[in-house]
Structures are given as structure tokens and as C-alpha cells.
Amino acid sequence: MAKFKCSHCKLSFDENSMIDGTQGQKFCCVGCQSVYEILHSNGLDEFYARLGKNSLNPANNLKKTTDEAIKNLYKNYVKNENGICKISLVIEGIHCSACIWLNEKVLFSTKGILEASINATNNKATIVWNDDEVKLAEILNKISQIGYNAYAYDASRQEAVLDAKRREFYIKLLVGVFCVMNIMWIAIAQYSGYFLGMDKSVRDILNFAEFILATPVLFYTGGAFFRGYVVAFKTKMPNMDMLIATGASLAYIYSVWAMFSRQGEVYFDSVAMIITFVFVGKFLEILSKKRANDTVDSLSSMVISEVLVKVGDECVYKDINEIKVGDTLVLKAGDKVLIDGVIASGEASFDYSRISGESVPVFAGKKDELKSGAICLDGYVEYVASAEFKNSLLNKIITMLENANLKKPHIEQFANQISAKFSLTIIFIAILTFIFWYFFGGFGFISPFLQDVNSFERALIISISVVVIACPCALALATPVSTLVGLGVGLKNRIIFKETRIIETLAKCDTVVFDKTGTLTKGILKVDDFSASFDLNVIFAIANTSKHPVSVAVAKFLSDKITQKSTITNVKEIAAKGVSAVYDDKILLAGSARFMSENGILVSENATTTSYFIAFDKKLVATFSLSDEIRESANECISVIKALNLGVYMLSGDNKNAVKIVADKLGIKDYKAEVLPDFKAQFVKDLQAQGKRILMVGDGINDTLAMSYAEVGVCMGSGADVSLERSDVVLLSDDLVALKQAILISKRTLNAIKQNLAFSLIYNALTIPLAILGLIIPLFAAISMSFSSVIVVLNSLRIKKGFNG
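Encoded structure:
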């Protein structure tokens, strides 16, 4: 029966189900024909050029709905502001950039749709429309008409889908591991029996036991590989799944024949081992998707809430999206700034470390600007909103994260390139081998192992030997086993690689970009130097009355120097400035240079450090110089990175002098100070434009955007939740030695993968010709193949050398 390829979905179909188009096109179903005609009539034929060799799902199950039908169903997902509506949808059926192009093209051409963007990583579309001109039902039907289905994005629903898939994979993995562990014990007994002697009936029983154990592994655990095989067959693009399914299936089929005919050897152990080992890699992929599911939502949940707004003489809470430019907002100690604005009254200290990287709290008073994302540490301020939330700094970061290009290479890519034609080549060679021996008798060549069998059996056994000895066990195990070892070594050293593909990407990075505060430094102030002509017990007493980070650092520094407890009275804390008290009936002051100046006390503040001053009876009696403490392992980490010939840059939102001090101490020549998150991201993109592969290391919200653009993002374990979610690698120990280990583990793992692949190819190049000549019977082929797998595993275990655990 003739086969045709659908003009729309590009899949093959039988002649019986063919539908002819008006201009000679051929379609597999009415749905595909309808979609094709819609695209053609709207001048969107460019879609098929963009689609290239990719295929689509047949458009035969598309949904059509009405506005009434979806009104209640979608009411909780639509945001409506004066007729301007917004919704997030998941579009099913998107396979590639061509699909995204088509959907955006159709949406933008629909009257009433104001904005439409689709995130390529999760197929999440954000659509804004005028409800007076177009209804949501019409938008959904537009998407359906071109061959896709859309439904409202629900984070809990997406998580439930991933949870279900994770449970399914977990059960399949347990089945595979259980069967492999038991089948290997049986295999050991069989191999021993060949050399020590074994009764034939016992051997048959063991063969049947292996068959019982291998069958669920192949068809249940290995079901994902067969589905991948079907996709590869339909798209005519061989992949690793095709390689694994072909090798395992042929070995299984021959083993079943050998078991029931009681001729030849069985290879059920090889079938179970290759399926289970490679399936572990697929299971890890599901786990990584579960962890990384829509991290932008986690950032949004941090900021979308109510804020305190002053209305007349009263303060009321309003939804953050209701705030307009000119509204007066109120901040108290501990509140987060969610809207950009300018202070109208009051003073306070603000922690900008998670946004700008500023290590020292920033004092802000009347007419000073506030950026969203900062935290009010003390004091009370009223400020006027200078932007709506959608235009504030924090929301811009969210928007840029959603639009960031997160496409990164897969660690299996190298193996897939090699294996793409491997299965077809081996099958072709096996067929030629069968013909060579069955029809031409091997041209007179006599196999020393198969002299007593007929020509058909000889040809069959030799061709099976070709398939078995070339069974891609070593090739298939080369990547997942090395990756598993690398992941395990990382975990034992408190390093989490969120996805297996990150290991390869990290190994190929040639430039490291560091955040300063909380990454190279601890983000904790310490006293570098001090001079005092006053009782340290009294200084400790007043410093200990404040929770301001500078006061806390001074109090901690003096805690082991005090000899007795001093009493001070009338303690008053002036927000963001300092503390006043009475000691010995005279005024005692402690705080910033500004605080001293306001009280008529002249100080000469060292501009390169943060300083803390003590004045008694209008006279300066003590000065403390503080700085952000550099991590103990920072120098060692930078030295190793330089020794690996990696470029080193440092970016920070801190002031120039503070950044220069850290850069000089660590020997970092290239650095930037006083930079915002969008500058960090642009800096990374500029380096990438020069052909560099970037590893971005940070710990705060201010680093997440740059992490998204970098090839690999590494987050310190104490970092903000969104940074941990957005990063590719997490250092649980907050020790930069772990970063050095992560880089070394990745490089060693990638080297092991390349060695394994090289060995596999050399092994096949040497053994396949021997099998073709009949010099290797299936038994020895299986032993040889198992031996090659052992070598791959042992070589992979070398990754552990030199690391803890």
C-alpha cells in the first residue's frame, strides 16, 4: 500500500486515509487540511519553510469553544483592568521555533490583541487584549484553527502533571533496577557454568528466569525508548532511542528464539542492563524539570501582594496592581519596597543587597529615590510612587527573565550525533552478513566455531553476532554512567547539578563572572581597624542597643574585649543614623558621619570603608573602620580558575572603593562597580557576543537575570529563593571551594564521556569485522560486549578520584 506524507503535519499515512487538497496537496485528516487552508489563505506559508524537517501532531483533535462555555472556567485566570484583559496560556503542540512564530503571527494579526509573547522553554503564552474588540473564546479558537490547543496556565496543575510523570518514571525505574539486580546474579551463575560445567536442564531454567525478568524491563521500563523509536521512524531522524530500542530488541528476539529452540545463547542480561542504565538518565531529566518548573512564578509570588497606602489621614492596604503614580505609600521596619518612588518624609536604612549587591545598608531621606526590591531595615518613611508596579524595577526583572533565552546544549548531543546512523548501519551490515554467509557461503571462508551447523543457522548466528557485539551498550552507557558518577560526586561534595546537561555546558565555559556581595564576600560586615580613647565597655553597651548591621558588627567585634557591664540610660535610636544615650550625666553618641555632623562633631571619614564613630560630651573618642568580609576560600578558588585558563570578571552594585578593595585582594583585574541587574545581564551578553561561554556565579535576585543569559548559573546556597530556582548549579556549602570542585568535576566528567565514546567506537571498529568473519560466536560477543560495558563503567568511576566520598 502506498505511503504519503501529509502536507501539513509532515507525518506518513496510508493511501486509504488520504484527503486530496485543491492544489495537489495530500492530508492525513480533515483537521490538517483545514489548518493548511487557513494558513495558505492568510499568507502564512512561510511556516512550512520554518518547520523544515520537523513534524507536527495531526490536527484531528482540536477543540472549539464559545465565550459562554469558558466564562466561568477561565474567570480566575483573566486579569481585567477597564476592559484590557491579560491571561497566561499553555499552548499544546508546540515543537519548535516555527510553531512559536506561527502562533505569535496569528495572534498579532487578530484585531483586539495588544500583546502576545510565547516562552520557548515552557510554551507559556502571555496575551493582552481589548475585551470590547475580541473575546477570549475567539482567541482560543484562533489557536485551535491553526492546529494547537490552549488552556489556562495553572502552576499547581503543571506541578501535578510533572508529579504524575515523576511517579510513573520512578515505578519504571524500580522495576528496572530490581530486575537487573536479580538477572545479573543469574548471569554470573550461567557464565560460571560454561567453564565449570552445568546440566542442560538447569541452564534452561536459568534462561527462562532471565526471560521473565528481562521482559518487563524491555517493554515496561523501556517503553519510552520505543516511543522515541516511533518518532525517529516517522521523522526519519535516527536518535539515541532508536539505537537503544533496536539493539535491545534484536538481542531480546534472538534470546527468545535461542531459549525456546535450545540452540545458541541468550543475552537477556545485556537487554536489561542497557535499558535500565539509560533510563536512569531520563528519570533525572524528569526530576530536573520538576525543580525548575516555572521559576518566574516563584519570583512573582514574592512581590505580588498588598502594600500600605496613605489615603488622607488613614493608612489602608491596597493590591499592588492598583497603585498609581502619585500615590503615597508607607514603609515600616521590615517592609519590602515593591514600587519605585521618591521619599516624601521620614528617614530609614535600606538593604539593597538582593537587588544591587550593595553590601552596606543605604541611608535614604527626603527626596531620595527608592527602588523596588529593597528592604526597610529601620525607621518610618512615606514615599510617592513614581511608577506603577508593571514599570517598577522588580517587575522589569520578572519580565526580562520570562523573555530570556534559556536554550542550552544537551549532554547527550555528542553521543546522539555519533549514534544517529549507528543503528541503521549495523542493521544494514548484519543483513549483508546474513546474505554473505547464507547465499554465498562466506566465499569459502569457514568459521572455526560453526562448522557443525547448517548454512541458515550459521548465517543467522553470525549476523546476530554482528548485532550483539555491536549492540550499543558501551555507546549508550558512555554518557549516562559518567554523568551519574559526576552527579553523585557533586552531591557528596554538597554540589547540586540541577540537570545532567549542565555538566557538559559547565565544562565548556571559558569565562567566570562573579557577583561580589554574598559570593566572593560573606555579605557580613567586620571591623578592620579601630582607634579608641574611651572605655570599650561603654562603647559595647551603646553599640549593642541597635540592630543596624554596622552596630551589630561593632558589638560582635567588642564582645570578647569587654571586662565588665556598663550602664547607659535614655537610649534613643535615630533611624538610619545612630544611637544617643546618657553616660555619666553626659551625652554619648554612636553612629554614622552624617549623625556626627548633625550634632556638631567633625569627623574625617575614610572614603574607602564604612565607618562607625563614637562621641562623648561633643568630642570624638572612637572610630571603627569596617568592610565586607572576603570568603576564606575565595583566593584559592580564583587561583584555580586562573590556572584553568578561564577569564575572571567581577560585577557589583557596591561602591567603587569597596569593589576595588575586594578586587585587589583577590587579584581580579576586570571588575565593574555600582551596576544594576540589567547591566549585569547586558555585560554577560556582550561577552557572549565576543564568543565567550559564561559561567555566572551569584546569590541574589540581582544576579538571576544574568544567570538566565549565561550558559551556566551557579548560586550560593544562602542565596535568595529565586536565585536558587533560576540557577543551574547550587553550592550548598556556601564555600567557594565547592565552585572549584564543580568546575573540575564537570571537566573530568566530560573527558570521561569523550574517552568512553572513543573506546566504544574503536571497540566496534575492531570487533565488528571479526564478527562478520564468523570468528566470534554470540556467546563471546555477549561477553565481549559486557566487558566493554565494564570498561566504560570503570573509566567513569575514575571521576571520583581526588574528591571526597
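Those letters in the sequence shown? Residues 1 to 805, by the UniProt record's numbering. Glycine included, each C-beta is placed from N, C-alpha and C at the ideal position. On a predicted model such as this, the values are computed, not experimentally measured, just so you know.
**Asked** Quick one: Cα of residue 139 to Cα of residue 132, how far?
**Response** 13 Å
**Item:** Nearest-angstrom Cβ-Cβ length linking residue 652 and residue 511, presumed shorter than 8 Å
**Value:** The pair is not a contact, with the Cβ atoms about 17 Å apart (cut-off 8 Å).
**Message:** Going by DSSP in three states, residue 322 sits in which element: helix, strand or coil?
**Reply:** helix
**Message:** DSSP three-state label for residue 645, please.
**Reply:** coil
**Message:** With three or more beta-carbon pairs closer than 8 Å as the criterion, would you say the stretch 486-497 touches the stretch 581-601?
**Reply:** no
**Message:** Within the continuous alpha helix (DSSP H) that includes residue 710, where are the two ends?
**Reply:** Segment: none, residue 710 is in no alpha helix (DSSP H) and carries neither H nor E.
**Residue environment, residue 74, which counts as buried when at least 16 other CB atoms sit within 10 Å** = buried
**Request:** Counting only the same chain and skipping the five closest in sequence on each side, list residues whose C-beta sits under 6 Å from that of residue 255.
**Result:** 266, 267 and 268
**Asked** Which first and last residues belong to the alpha helix (DSSP H) in which residue 681 is found?
**Response** 677-689
**Prompt:** My guess is that residue 521 and residue 662 are in contact by the Cβ rule of under 8 Å, so how many angstroms apart are they, rounded?
**Reply:** 6 Å
**Request:** Count the C-beta pairs between the stretch 480-487 and the stretch 427-446 that are closer than 8 Å, then say yes if the count reaches three, no if not.
**Result:** no
**Message:** Any contact between the stretch 518-538 and the stretch 496-510? By contact I mean 3 or more CB pairs, one from each, below 8 Å.
**Reply:** no
**Request:** At 4 residues or longer, and completely inside the stretch 484-531: list those alpha helix (DSSP H) runs for me, N to C.
**Result:** 501-508
**Request:** Drop a sphere of 10 angstroms on the beta-carbon of residue 563, count the other beta-carbons inside from all chains shown, and report buried for 16 or more, exposed for fewer.
**Result:** exposed
**Item:** The beta strand (DSSP E) enclosing residue 589, as first and last residue numbers
**Value:** 586-591
**Message:** Taking its Cβ as the centre, do 16 or more other Cβ atoms sit within 10 Å of residue 30, making it buried, or is it exposed?
**Reply:** exposed
**Message:** According to DSSP, residue 346 sits in a beta bridge with which residue or residues?
**Reply:** 381
**Message:** Closer than 8 Å is the cut-off here; do at least three beta carbon pairs connect the stretch 533-550 with the stretch 668-676?
**Reply:** no
**Request:** For residue 13, count neighbouring Cβ atoms within 10 angstroms of its own Cβ and tell me buried if that reaches 16, exposed if not.
**Result:** buried
**Own chain, CB closer than 7 Å to residue 623, minus 5 neighbours either side, in chain order** = 530, 531, 611 and 613
**Asked** Which residues in the same chain have their Cβ closer than 7 Å to the Cβ of residue 308, if we skip the five residues on either side of it in sequence?
**Response** 315, 317, 329 and 330
**Asked** Which residues in the same chain as residue 105 place their Cβ atom closer than 7 Å to its Cβ, once the five residues preceding and following it in sequence are excluded?
**Response** 44
**Request:** Provide the residue span of the alpha helix (DSSP H) that contains residue 138, from first to last.
**Result:** 136-145
**Exposure of residue 631, with buried meaning 16 or more beta-carbon neighbours within 10 Å** = buried
**Prompt:** Should residue 569 be labelled buried (16 or more other beta-carbon atoms within 10 Å of its own) or exposed?
**Reply:** exposed
**Request:** Just confirm the distance between the C-beta atoms of residue 799 and residue 486, as a whole number of angstroms; I'd bet it's less than 8 Å.
**Result:** 6 Å
**Prompt:** In three-state DSSP terms, what is residue 720?
**Reply:** For residue 720, the pLDDT reaches just 43, beneath the cut-off of 50, and the residue's location in the model is therefore unreliable, leaving the point undetermined.
**Item:** Residue nearest to residue 801 in terms of C-alpha spacing, selected from 745, 760, 773 and 767
**Value:** 745
**Message:** For residue 270 and residue 251, which I take to be in contact (beta-carbon distance under 8 Å), what is that distance rounded to the nearest angstrom?
**Reply:** 6 Å
**Prompt:** In this structure, does DSSP put residue 37 in helix, strand or coil?
**Reply:** helix
**Prompt:** Among residues of its own chain, excluding the 5 on either side of residue 507, which ones have a beta-carbon nearer than 6 Å to its beta-carbon?
**Reply:** 746, 747 and 750
**residue 310 to residue 380 span [Cα, whole Å]** = 13 Å
**Asked** Out of curiosity, what's the CA-to-CA distance linking residue 797 and residue 753?
**Response** 11 Å
**Three-state class that DSSP yields for residue 26 in the structure shown** = strand
**Asked** Among residues of its own chain, excluding the 5 on either side of residue 123, which ones have a beta-carbon nearer than 7 Å to its beta-carbon?
**Response** 90, 91 and 94
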